[in-house]
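Under my numbering, the first residue of the sequence shown is numbered 54, with each subsequent residue one higher.
Note that CB positions come from ideal geometry on N, CA and C, so glycine has one too.
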Amino acid sequence: IKPKVRTMLADVKILPKYRDQIYVDEAVKLDVQSIIQPKIKSYNATIDNISPDSYEENTGGTIQRYYKVIIAFDVNEDDLRWLKPGMTVDASVITGKHSIMEYLLSPLMKGVDKAFSEPVNTKRLDTP
54 IKPKVRTMLA DVKILPKYRD QIYVDEAVKL DVQSIIQPKI KSYNATIDNI SPDSYEENTG
114 GTIQRYYKVI IAFDVNEDDL RWLKPGMTVD ASVITGKHSI MEYLLSPLMK GVDKAFSEPV
174 NTKRLDTP
């Protein structure tokens with residue numbers, strides 16, 4: 054007996070500025086890029102694990118920090134023939150849905166919120 058579907062794992066890197074927006078078991082759209090396949094193959098996936106600490110990578114003299122994220126996705130038997138270790142993937146984490154109007158008006162609404170908020174009074178302490 055051979056399974057018709059097999060779970061695969063992809064290692065991806067997430068920038069620290071996005072760490073507070075992703076969680077284990079969150080939905081991900083995973084695109085696998087291949088020279089063999091004429092089009093990019095997409096899979097529905099989930100975040101399986103997020104590293105507790107960030108890592109550093111030196112790229113051309115610049116230090117890039119990132120978190121290691123493991124993404125699990127199911128593939129059918131036909132896809133197993135062309136999927137190979139080390140292939141490039143692009144992961145899009147689905148963090149929330151917004152309408153186009155919300156997206157376009159968000160800078161304006163942030164400005165309105167700031168304009169109508171009361172400034173915080175700060176006292177200056179003079180040192181002797």
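Does the distance from the CB of residue i to the CB of residue j come in under 8 Å?
i             : j              : result
valine 142    : valine 85      : yes
aspartate 64  : isoleucine 100 : no
methionine 61 : valine 146     : no
Spatial neighbours of residue i within its chain, please: CB distance less than 7 Å, with the 5 preceding and 5 following residues excluded, ordered by chain position.
i           : result
alanine 98  : Val81, Leu83, Ile124, Ala125 and Phe126
arginine 72 : Tyr120
Leaving out five residues before and five after residue i in sequence, what residues of the same chain have Cβ atoms less than 8 Å from its Cβ?
i              : result
leucine 133    : Arg59
isoleucine 116 : Glu109 and Glu110
lysine 94      : Asp84, Val85, Ser87 and Asp132
threonine 112  : none
methionine 140 : Val85, Gln86 and Ser87
What residues are listed by DSSP as bridge partners for residue i?
i           : result
arginine 59 : Val128
serine 145  : Lys82
lysine 66   : Lys121
Which residues in the same chain as residue i place their Cβ atom closer than 6 Å to its Cβ, once the five residues preceding and following it in sequence are excluded?
i              : result
arginine 118   : Pro69, Ser107 and Glu109
asparagine 102 : Ile123
Scan the segment 87-142 and note each continuous alpha helix (DSSP H) run of 4 residues or more that stays entirely inside, going in chain order. 130-133
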